[in-house]
Amino acid sequence: MIEHDRADTVSLLDTLDAFLRHSASWSRTAEALHLHVNTVHYRIKRIEELTGRSLLKLEDRLDLWAALRCTPA
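Numbering (the numbering used here), first residue to last: 30 to 102.
This is the structure we're talking about:
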């Protein structure tokens, strides 16, 4: 995802962070990022494709949350 964010103006890391901070709420994430909820769905799907993880699974959410916290700013 880091490579994606470097090559694109869309920050999937910021989207993932917001999604996890808002307890996987699509609408609260969209509101926080000033996006349409469908855009959040698209970005989360892209994150899942890139990571091979499902954000529907708590275990995968926890792994990605830990990875975000270990990633340098």
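Even for Gly, the Cβ is constructed at its ideal location relative to N, Cα and C.
On a predicted model such as this, the values are computed, not experimentally measured, just so you know.
When secondary structure is reduced to three states using DSSP, HIS51 falls in the coil class, being assigned neither helix nor strand. Per DSSP, VAL66 is one residue of the alpha helix (DSSP H) stretching across 66-80. In the DSSP assignment, LEU91 falls within the alpha helix (DSSP H) that extends over 87-99. In this structure, LEU84 sits near ALA53, with a CB-CB distance shorter than 9 Å. LEU93 has its alpha-carbon roughly 19 Å from the corresponding atom of ALA59. In the displayed model, LEU84 falls within coil according to three-state DSSP, outside both helix and strand.
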